[in-house]
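Each protein sequence line maps, in turn, to chains A and B.
Position 20 of the first sequence, counting from 1, maps to 19 under numbering that gives the first Met the number 0, and the rest follow consecutively.
Position 94 of the second sequence, counting from 1, maps to 93 under numbering that gives the first Met the number 0, and the rest follow consecutively.
Input: a single structure, listed below in structure tokens.
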Amino acid sequence: MAIGKRRIYEWILVAGIVGGMALLYFLGRPGEIKNEDISSGAELELRGKFSVARYEQGELKLWSQGKEFRYFRGKGSYEILEPAFEFETGQGKISVGGEKAVYQSNEKRIQISGAVEVRGKDFMAFSEQLNYEPDSGMISGEKRIKVQGAGWEIEGTNYKLMLEEKKFELSKGVKGQFEKQGI
Amino acid sequence: MKVIKLILVLGWVLSSLIFAQAKEKTEVGFSGFSWKSGELVEINSEKMSLVLNERRVNFAGSVVVKKGKSVIYCDELVLNYSQDGGIEWLRASRGVKLVEGEVFAVGKELEYVKGQNQFVLRGEPKLVSKGQIMSGEEMIFDLSHNRLEVVLPRIQFQGEK
Chain A
0 MAIGKRRIYE WILVAGIVGG MALLYFLGRP GEIKNEDISS GAELELRGKF
50 SVARYEQGEL KLWSQGKEFR YFRGKGSYEI LEPAFEFETG QGKISVGGEK
100 AVYQSNEKRI QISGAVEVRG KDFMAFSEQL NYEPDSGMIS GEKRIKVQGA
150 GWEIEGTNYK LMLEEKKFEL SKGVKGQFEK QGI
Chain B
0 MKVIKLILVL GWVLSSLIFA QAKEKTEVGF SGFSWKSGEL VEINSEKMSL
50 VLNERRVNFA GSVVVKKGKS VIYCDELVLN YSQDGGIEWL RASRGVKLVE
100 GEVFAVGKEL EYVKGQNQFV LRGEPKLVSK GQIMSGEEMI FDLSHNRLEV
150 VLPRIQFQGE K
């Protein structure tokens with residue numbers, strides 16, 4: 000009977016040790032690690048200022064720079080943060096800047112958004128968004144745009160700006176101002 | 000001799016009266032469009048096309064041009080501006096109407112040339128002012144001298160109601 004009691008105490012001791020170990024195991028175990036993808040998913044990512052120049056037949060055609068660059072091979076697109084582009088046209092140099100640029104290869108156009116500015120030799124344009132088609136050299140957009148020159152400004156929506164011809168079209172809600180009228 | 004003197008005096012009085020009347024009528028000019036230095040021209044429309052190299056702008060669809068108290072309404076407006084933004088030349092067409100206060104003029108085409116400081120209204124132009132309707136082949140509003148010249152004029156006076 001005395002042996003039986005001792006055996007019971009032994010079993011209780013073993014069970015306590017095992018239970019304690021199990022408790023320590025579960026208490027000390029870190030939380031479940033979630034398998035989150037913290038990368039942008041881009042195949043190529045440049046962090047920090049960069050600039051790219053494109054030459055055609057020895058002439059600088061497009062120069063671009065930005066703060067970050069991401070290339071998505073699967074989507075066939077790239078995006079640039081704080082982009083700045085310079086185009087060489089037959090009418091001179093034109094620069095375009097904004098907060099973000101996205102290029103879609105299937106649409107063959109760059110969409111620039113956020114405080115967009117276009118600057119040419121004798122004009123400036125401001126909008127919230129524009130699309131640039133490098134093949135045709137056309138800038139277009141549906142948002143409001145304001146174009147300014149010395150002593151004049153014109154604004155409206157649904158616009159097209161043909162860079163080679165330096166022709167600008169608005170097809171909705173046009174408001175223009177011409178200053179300094181005098182003889 | 001007395002008869003001749005009387006005729007001369009009468010002639011002078013009559014010519015003075017005619018001149019005074021004519022002078023009064025010339026004040027029908029659209030002074031708001033006198034293109035004074037430093038004034039602003041506002042143009043609203045539905046569509047616009049601008050050729051930057053040529054400094055030429057085409058406005059189309061419900062065009063309204065405001066300057067001072069004067070307003071031009073038309074459906075098409077073409078203008079050229081100078082390097083500092085001054086309007087050098089403009090041509091309004093299709094349903095042209097100039098309004099300033101109670102005076103208005105209508106026609107098919109209106110042209111302005113800065114060097115001449117004149118508005119020329121063509122295409123069955125009519126000017127309506129204080130019960131008078133003046134029409135002709137061409138109306139020239141000389142903005143510098145506040146003078147109106149009408150080619151082949153016809154004047155109608157409307158009776159008071």
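Note that CB positions come from ideal geometry on N, CA and C, so glycine has one too.
For secondary structure counted as the beta strand (DSSP E) over 3 or more consecutive residues, the region 100–167 of chain A holds these complete runs in sequence order: 108–118, 123–132, 137–140, 144–148, 151–161. Contact with chain B is found for Gln-176 (chain A), since one of that chain's Cβ atoms lies less than 9 Å from the residue's Cβ. One alpha carbon belongs to Lys-129 (chain B), the other to Arg-153 (chain B), and they sit about 16 Å apart.
Contact check between the region 147–161 of chain A and the region 80–88 of chain B: three or more CB pairs, one atom from each, fall below 8 Å, which counts as touching. In this structure, Asn-157 (chain A) and Lys-171 (chain A) form a Cβ contact; the two beta carbons are roughly 5 Å apart against a cut-off of 8 Å. By the Cβ-count criterion, Ile-132 (chain B) is exposed, with fewer than 16 other Cβ atoms from all chains shown falling within 10 Å of its own Cβ. Around Val-50 (chain B), the beta-carbon contacts reaching into chain A at under 9 Å are Glu-164, Lys-165, Lys-166, Phe-167. The Cβ atoms of Lys-113 (chain B) and Glu-137 (chain B) lie no closer than 9 Å to each other. Secondary structure of Lys-113 (chain B) (DSSP, three-state): coil.
Against chain A, the CB of Asn-145 (chain B) has no partner CB under 9 Å away; the residue lies outside that interface.
Spanning the alpha carbons of Gln-155 (chain B) and Phe-118 (chain B) requires a straight line of approximately 22 Å. Note on geometry: alpha-carbon atoms of Glu-99 (chain B) and Ser-134 (chain B) lie some 18 Å from one another.
Nearest to Lys-165 (chain A) by C-alpha distance, out of B:Glu-45, B:Val-56, B:Glu-110, is B:Val-56. Contact of Ser-44 (chain B) with chain A by beta-carbon distance below 7 Å involves Val-173. Ala-104 (chain B) carries a strand assignment under DSSP once its states are collapsed to helix, strand and coil.
Remark: fewer than three beta-carbon pairs, one from each stretch, lie closer than 8 Å, so the region 70–81 of chain A and the region 52–60 of chain A are not flagged as touching. Counting the other Cβ atoms within 10 Å of the Cβ of Ala-21 (chain A) gives fewer than 16, which makes it exposed.
Bounds of any beta strand (DSSP E) do not take in Glu-98 (chain A), whose DSSP letter is neither H nor E. Annotation for Leu-97 (chain B): the continuous beta strand (DSSP E) segment containing it runs 86–99. Residue pairing of Trp-10 (chain A) in beta bridges, as defined by DSSP: absent, with no partner found. Arg-46 (chain A) and Val-95 (chain A) have their C-alpha atoms some 21 Å from each other.
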